[in-house]
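What follows is a short report on a single structure.
4 protein chains.
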Amino acid sequence: MTVTLGHLNAGSGDNFVAAVGDIFEHAPWVAERAAAARPFATVAALHDAMMAVVRAAPRAEQLSFLRGHPELGGKVARAGAMTADSVAEQGGLGLDRLSDAEFARFERLNAAYGQKFGFPFIICVRRHTRDSILAAFERRAANDVDAEFAAAIAEIGYITRLRLCAKIDGPGKPVTDGWLSTHVLDTVAGKPAAGVRIELFEVGQSARSALAATTTNADGRTDAPLLSGGPLRSGTYELQFHVGAYFAATSAAAYPSYLDVVPIRFSIAEPEAHYHVPLIVSPWSYTTYRGG
Amino acid sequence: MTVTLGHLNAGSGDNFVAAVGDIFEHAPWVAERAAAARPFATVAALHDAMMAVVRAAPRAEQLSFLRGHPELGGKVARAGAMTADSVAEQGGLGLDRLSDAEFARFERLNAAYGQKFGFPFIICVRRHTRDSILAAFERRAANDVDAEFAAAIAEIGYITRLRLCAKIDGPGKPVTDGWLSTHVLDTVAGKPAAGVRIELFEVGQSARSALAATTTNADGRTDAPLLSGGPLRSGTYELQFHVGAYFAATSAAAYPSYLDVVPIRFSIAEPEAHYHVPLIVSPWSYTTYRGG
Amino acid sequence: MTVTLGHLNAGSGDNFVAAVGDIFEHAPWVAERAAAARPFATVAALHDAMMAVVRAAPRAEQLSFLRGHPELGGKVARAGAMTADSVAEQGGLGLDRLSDAEFARFERLNAAYGQKFGFPFIICVRRHTRDSILAAFERRAANDVDAEFAAAIAEIGYITRLRLCAKIDGPGKPVTDGWLSTHVLDTVAGKPAAGVRIELFEVGQSARSALAATTTNADGRTDAPLLSGGPLRSGTYELQFHVGAYFAATSAAAYPSYLDVVPIRFSIAEPEAHYHVPLIVSPWSYTTYRGG
Amino acid sequence: MTVTLGHLNAGSGDNFVAAVGDIFEHAPWVAERAAAARPFATVAALHDAMMAVVRAAPRAEQLSFLRGHPELGGKVARAGAMTADSVAEQGGLGLDRLSDAEFARFERLNAAYGQKFGFPFIICVRRHTRDSILAAFERRAANDVDAEFAAAIAEIGYITRLRLCAKIDGPGKPVTDGWLSTHVLDTVAGKPAAGVRIELFEVGQSARSALAATTTNADGRTDAPLLSGGPLRSGTYELQFHVGAYFAATSAAAYPSYLDVVPIRFSIAEPEAHYHVPLIVSPWSYTTYRGG
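So, in structure tokens, the structure goes:
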């Protein structure tokens with residue numbers, strides 16, 4: 002399915018448009034105009050060139066392009082007229098399964114936004130949780146038209162960068178993945194804490210969702226990152242470390258101990274970054290910090 | 002309402018029994034026999050003397066005394082035949098307002114316990130949460146009869162010590178109060194964090210209850226202890242420190258920050274102790290420990 | 002020896018001048034003019050009034066007053082013509098026992114300073130270590146004349162405030178004392194660390210001086226503050242906590258352990274403040290912070 | 002210079018002895034007898050086989066072998082009769098440049114030890130500082146003869162393992178290297194602290210020696226380990242982190258700040274281990290722990 006950058010550079014303009022013409026929603030003209038700038042040394046350079054085409058387009062064409070995007074969680078999503086990429090991106094967040102109340106809230110925000118700006122609210126949903134989308138929606142609705150126009154284009158940059166990286170193989174891919182890791186150190190024994198059960202939750206305004214459950218290995222780390230394989234979703238998370246059971250198993254500590262399940266709640270705001278959340282812990286104390 | 006120890010020491014035996022005869026449930030004989038040991042130098046000595054009477058009583062009399070205690074959360078509670086002290090103590094925990102499922106669980110535990118030991122499960126409820134009562138119930142149900150007999154007498158010591166301290170004024174009162182305090186230090190500014198909102202919850206197996214909400218003063222402490230005025234209830238608690246809002250207000254930190262609400266979950270196991278739970282915090286890190 | 006504020010307020014002007022006329026170096030006129038403002042509600046108000054007299058004096062009189070102060074560590078100190086107060090203040094720091102090299106350095110600084118400003122360098126030595134005096138000397142030598150004139154008057158405020166507080170009893174004394182305290186918490190046991198040997202050093206550019214040695218009590222604190230009884234001296238200090246011996250005595254920790262003597266080096270910059278320097282420690286980790 | 006394990010396995014017995022006959026001090030018989038056990042799958046297996054020869058030798062032969070080792074820091078060292086390996090190993094620690102007082106102390110210990118055990122004190126000096134050698138000397142002098150005989154053989158194991166690894170290349174080399182690393186995290190900025198000057202000292206009983214000075218890179222780490230390339234030397238060390246200058250350069254912190262140079266003093270007891278000594282620091286607080 003993936004195409005190589007070399008293939009794109011070497012082929013005809015038609016082949017190029019056939020391969021990447023659908024990266025920008027209903028806008029093959031972006032690929033058509035970018036084709037002339039070939040060859041591209043890196044995947045990032047290809048994406049930059051396509052974004053430059055968007056930014057250089059006349060305002061009317063840009064507006065028409067923005068208008069070609071589906072409403073977020075709106076009628077179109079329910080009626081099934083979105084591109085396959087949009088369906089996959091929005092579905093990952095459950096925007097196609099909103100409750101009636103949530104649907105109504107999005108409808109109201111969509112309506113007010115459309116009336117003010119004349120195009121639908123565009124956001125790279127794969128970098129967001131429902132809560133952070135809602136927060137961004139409300140924050141951006143207060144923008145003036147020029148600022149919001151730029152914000153929408155910037156989001157299209159995030160969206161198409163992910164689509165392009167999924168489709169094209171080659172050197173110089175832009176960084177689109179973030180990851181979350183942890184490390185548990187036992188300050189009684191002075192060594193990594195092995196066998197500590199860890200659970201990860203997304204903490205939403207209305208509910209928390211379990212995202213992962215694992216156990217520390219001999220290095221006090223987890224065999225795989227807690228989150229990885231794409232951008233992290235901006236939002237609030239909570240790690241829960243079952244240190245009471247660990248200390249009960251490894252030492253003479255009374256159980257239930259002063260510390261049993263240690264929750265660490267933190268927010269992710271940089272989807273492409275590494276978040277390292279260590280726990281330095283005894284049965285009576287702990288330290289955590291954003292590491293890296 | 003309160004009586005002085007001096008008055009008890011100086012008065013007649015009848016007066017003494019009239020004053021403290023109801024401290025031990027349906028057992029005025031405890032006071033009658035302890036009267037001879039007057040005068041008592043301290044309230045603690047009076048209580049010790051009464052407990053010595055209980056421990057010196059023949060087994061049959063002890064058993065009859067234990068049997069005079071109401072079932073915990075049981076039929077008697079619903080039917081209204083408890084002493085006023087028992088009603089107040091059990092009601093504080095909501096044992097008179099159990100759901101049908103909880104009521105059924107207590108009934109089953111009570112029945113099995115009664116069948117094994119021949120007396121009702123006795124526990125000083127004012128030192129416990131519902132969860133810790135249930136844990137103690139299940140743990141003690143596994144005791145042999147002698148160990149459990151001793152455990153029941155020990156609980157009567159806790160119960161009557163509280164009743165006596167509430168009724169008698171005088172020197173040398175035993176320590177029956179615990180307290181919970183906190184302290185928030187801002188490691189960016191190197192000084193106490195003033196104006197941090199703090200909430201305290203009891204974290205039960207099935208639900209969490211809000212117990213207190215307050216704000217740190219200029220010393221980074223709370224004007225009053227978070228819990229005080231009696232024994233602490235054994236159980237699991239969570240403090241939530243609203244440090245995101247604090248740092249947003251006091252510095253140029255981005256908001257929402259990496260840390261917004263910092264939860265610290267801990268267990269209390271010593272009802273008469275001081276639990277000091279400090280938070281040493283920056284927008285990106287924190288340390289906590291059991292202080293004192 | 003001390004005089005009460007009430008006595009000063011009630012007595013004659015001559016009595017007043019007799020009592021406090023020597024607070025300002027060779028300048029009884031300060032007391033003479035301040036006498037008219039009696040009565041003073043507080044000792045602080047008395048000092049404020051005397052400083053107001055200094056600040057209101059004609060520049061020539063101020064300059065003459067500044068010139069009446071001894072050179073710091075200079076010829077006068079060696080020759081013995083200082084007031085008794087100045088001798089005591091400078092002697093506490095060892096300025097009368099300078100090495101030849103230090104003496105030469107002070108001489109050079111004094112000479113350059115005197116040539117630039119026309120009066121000797123004045124500093125409240127009781128708020129300083131030798132190192133911080135030298136640093137202040139070099140920093141202030143770069144001032145323009147007006148700024149340095151104000152700095153010299155401010156230092157006279159510190160000097161005379163201490164002299165006045167030593168001589169006059171009464172309500173509303175200004176705060177002139179700082180203090181240094183510590184607290185050692187054992188995170189393995191979850192309680193204060195008792196019996197930890199602590200040493201305090203002043204860490205100078207050229208040498209370190211032992212200031213105190215003590216042992217933590219049952220609360221993990223020291224029975225008396227590590228420093229107190231006057232202003233703290235600005236400078237760099239090091240606390241050394243003998244935690245290796247503590248953990249060897251209280252637990253099964255191997256000895257010599259990873260941590261043996263834990264040094265905490267910190268600077269004091271506010272002589273009238275409370276510096277609390279806690280140590281939260283296990284055999285393998287520790288946290289410290291400026292508390293309060 | 003190095004020989005491959007394959008070459009040793011394939012060659013004649015004479016070649017084998019020529020290559021590794023000098024690994025054990027003045028004892029080519031160790032290699033002679035181990036030759037029969039060829040081929041060896043790993044370098045570790047070769048060393049194990051040679052140690053098995055030593056352990057299987059008759060006591061008289063073992064004793065003679067032990068007696069073939071030079072006195073530590075003794076007459077022989079001064080007189081120049083040691084093997085080249087011994088000279089290099091002892092010289093690294095400065096045992097050939099002892100002061101007269103130190104020389105006398107070693108002489109006394111050597112004499113008492115020799116009289117008690119009948120062979121010289123043997124220790125793998127490359128795993129030790131002068132202080133830890135002295136401590137081991139005094140501790141081992143209290144052993145009974147059998148325990149000390151075993152201790153001496155164990156030290157020969159450490160010595161010859163290093164010699165063998167330096168000479169033989171091949172699969173399965175035993176781990177003989179330890180390393181020391183650090184990591185500085187800035188809790189004000191929530192990111193690695195770049196550009197922090199770090200100095201490393203060995204803290205001896207009588208003096209401290211500077212071992213390394215470096216600066217943290219963009220990851221808050223050092224480009225190379227602070228110590229590496231061989232066993233770590235058991236002993237006490239101090240890292241000094243110049244955080245005052247770092248915070249003065251990166252933020253609006255007052256300078257000199259509360260923390261300027263942060264010393265972390267720790268002991269190394271496992272020469273082949275990784276010691277990771279992170280510093281989590283703000284201008285007013287820090288945490289450290291043995292990481293890994």
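Residue numbers (this note's numbering), protein chains in the order written: chain A, 2 to 293; chain B, 2 to 293; chain C, 2 to 293; chain D, 2 to 293. Ideal placement from N, C-alpha and C gives every residue a C-beta, glycine not left out. None of the values given here were measured: they were computed from a predicted structure.
**OP:** Please report how far the alpha carbon of B:Leu280 lies from the alpha carbon of C:Ala37, in whole angstroms.
**Re:** C-alpha separation (whole angstroms): 53 Å.
**OP:** Please look up how many angstroms separate the CB atoms of B:Thr1 and B:Lys168, rounded, as I've assumed it's under 8 Å.
**Re:** Nothing about residue 1 of chain B can be reported from this structure: the residues present for chain B run from 2 to 293 only.
Original post:
How many angstroms separate the CA atom of A:Pro29 from the CA atom of A:Val18?
Top reply: Cα-Cα distance, rounded: 7 Å.
**OP:** Give the straight-line distance between the Cα atoms of D:Arg106 and D:Phe138, rounded to the nearest whole angstrom.
**Re:** Just so you know, the alpha carbons of D:Arg106 and D:Phe138 end up roughly 11 Å apart.
**OP:** Answer with buried or exposed for C:Ala225, where buried requires no fewer than 16 other C-beta atoms within 10 angstroms of its C-beta.
**Re:** When all chains shown are included, C:Ala225 counts as exposed.
Subject >> Residue environment, A:Ala153, which counts as buried when at least 16 other CB atoms sit within 10 Å >> reply: Result: buried.
Subject >> Helix, strand or coil at A:Ala57 [DSSP, three-state] >> reply: It is helical.
**OP:** From the DSSP output, in three-state form, read off C:Arg131 for me.
**Re:** Note: C:Arg131 maps to helix in three-state DSSP.
Original post:
Nearest chain B C-beta to C:Gly191 closer than 7 Å, yes or no?
Top reply: By this cut-off, C:Gly191 is an interface position.
Original post:
Does the separation of the CB atoms of C:His48 and C:Leu165 fall below 7 Å?
Top reply: It is a contact, given that the beta carbons lie within the stated cut-off.
Original post:
If you draw a straight line from the C-alpha of A:Asp145 to the C-alpha of C:Gly158, how long is it?
Top reply: Here the C-alpha atom of A:Asp145 lies approximately 56 Å from the C-alpha atom of C:Gly158.
**OP:** Give a yes or no on whether the C-beta atoms belonging to D:Gly196 and D:Thr216 are separated by under 7 Å.
**Re:** Taking 7 Å as the Cβ cut-off, D:Gly196 and D:Thr216 qualify as a contacting pair.
**OP:** Scan the stretch 170 to 255 of chain C and note each continuous beta strand (DSSP E) run of 3 residues or more that stays entirely inside, going in chain order.
**Re:** Complete beta strand (DSSP E) runs here, min 3: 179 to 187, 198 to 204, 209 to 216, 228 to 231, 236 to 243.
Original post:
By DSSP, does B:His294 sit in helix, in strand, or in coil?
Top reply: Any answer about residue 294 of chain B is impossible in this case: the structure gives chain B only from 2 up to 293.
**OP:** Using a Cβ-Cβ cut-off of 7 Å, state whether A:Ser235 counts as contacting chain C.
**Re:** Interface residue (Cβ-Cβ distance to chain C less than 7 Å): A:Ser235 is not classified as such.
Original post:
Taking Cβ-Cβ distances below 7 Å as the criterion, which residues of the stretch 258 to 274 of chain C are in contact with chain A?
Top reply: Within the stretch 258 to 274 of chain C, the residues whose Cβ lies closer than 7 Å to some Cβ of chain A are Tyr259, listed in chain order.
Subject >> Buried versus exposed call for A:Pro232 [16 or more other C-beta atoms within 10 Å across all chains shown] >> reply: Of the other Cβ atoms in all chains shown, 16 or more fall within 10 Å of the Cβ of A:Pro232; this residue is therefore buried.
Original post:
For B:Pro283, which residues in chain D fall below 7 Å Cβ to Cβ?
Top reply: Checking the sequence shown, residue 283 of chain B turns out to be Ser, not Pro. Neighbours of B:Ser283 in chain D, taken as residues at a C-beta separation under 7 Å, are given in chain order as Thr188, Val189, Ser283.
Original post:
Any beta-carbon of chain B closer than 7 Å to the one on A:Thr217?
Top reply: False, the Cβ-Cβ gap to chain B never drops below 7 Å.
Original post:
Looking at B:Asp132 and B:Ile205, is the spacing between their C-beta atoms short of 7 Å?
Top reply: The amino acid at residue 205 of chain B is misidentified as Ile; the sequence shows Gly. Their beta carbons are under 7 Å apart, which means B:Gly205 touches B:Asp132 by this criterion.
Subject >> Three-state secondary structure assigned by DSSP to D:Pro29 >> reply: Residue state, collapsed to three classes: helix.
Subject >> chain C contact for A:Ser252 (CB, 7 Å cutoff) >> reply: No, no contact with chain C.
Original post:
Are at least three pairs of beta-carbons, each pair with one atom in the stretch 9 to 23 of chain D and one in the stretch 259 to 269 of chain C, less than 8 Å apart?
Top reply: The stretch 9 to 23 of chain D is not in contact with the stretch 259 to 269 of chain C.
Original post:
Using the C-alpha atoms, what's the distance from C:Gln91 back to C:Phe120?
Top reply: Put simply, the backbone Cα of C:Phe120 is about 18 Å away from that of C:Gln91.
Original post:
What does DSSP give as the partner residues of B:Val278 in its beta bridges?
Top reply: According to DSSP, B:Val278 bridges with B:Thr183.
Original post:
Got a sec: is the Cβ-Cβ distance from B:Glu200 to anything in chain G below 7 Å?
Top reply: Checking the listed chains, one finds no chain G in this structure; the protein chains it contains are A, B, C and D.
**OP:** With DSSP collapsed to three states, give me the class of A:Ile265.
**Re:** In the three-state reduction of the DSSP assignment, A:Ile265 falls in the strand class, which pools E and B.
Original post:
Ends of the alpha helix (DSSP H) at C:Thr161?
Top reply: C:Thr161 -> alpha helix (DSSP H) spans 146 to 168.
**OP:** Return the CA-CA distance between A:His243 and C:Gly245, expressed in angstroms with no decimal places.
**Re:** Whole-angstrom Cα-Cα distance: 29 Å.
Original post:
Can you tell which of A:Pro71, A:Met83, A:Tyr247, A:Gly171 has its C-alpha closest to the C-alpha of A:Ile123?
Top reply: The shortest Cα separation from A:Ile123 among A:Pro71, A:Met83, A:Tyr247, A:Gly171 belongs to A:Pro71.
Subject >> Interface partners of A:Ser288 on chain C, CB under 7 Å >> reply: The sequence shown places Thr at residue 288 of chain A, not Ser. Correct list: Thr288.
**OP:** Would you verify that the beta carbon of A:Arg291 is, or is not, closer than 7 Å to some beta carbon of chain B?
**Re:** The beta carbon of A:Arg291 falls within 7 Å of a beta carbon belonging to chain B, placing the residue at that interface.
Subject >> Own chain partners of A:Met51 with C-beta closer than 8 Å, once the 5 adjacent residues on each side are dropped >> reply: Excluding five sequence positions before and after A:Met51, the CB atoms of its chain that fall closer than 8 Å to its own CB belong to Val21, Ile24, Phe25, Val31, Ala32, Ala35, Thr161, Leu165, given in chain order.
**OP:** Give me the Cα-Cα distance between D:Asp170 and D:Glu149, rounded to the nearest whole angstrom.
**Re:** Distance between D:Asp170 and D:Glu149, taken at the CA atoms: about 32 Å.
Subject >> Other residues of its chain near A:Ala213: CB distance less than 6 Å, five sequence neighbours each side excluded >> reply: For A:Ala213, same chain residues with a beta-carbon under 6 Å away, outside a window of 5 residues either side, are Leu201, Leu227 in chain order.
**OP:** State buried or exposed for B:Pro40, treating a residue as buried only when at least 16 other CB atoms are found within 10 Å of its CB.
**Re:** B:Pro40 sits exposed, since fewer than 16 C-beta atoms from the chains shown fall within 10 Å of its C-beta.
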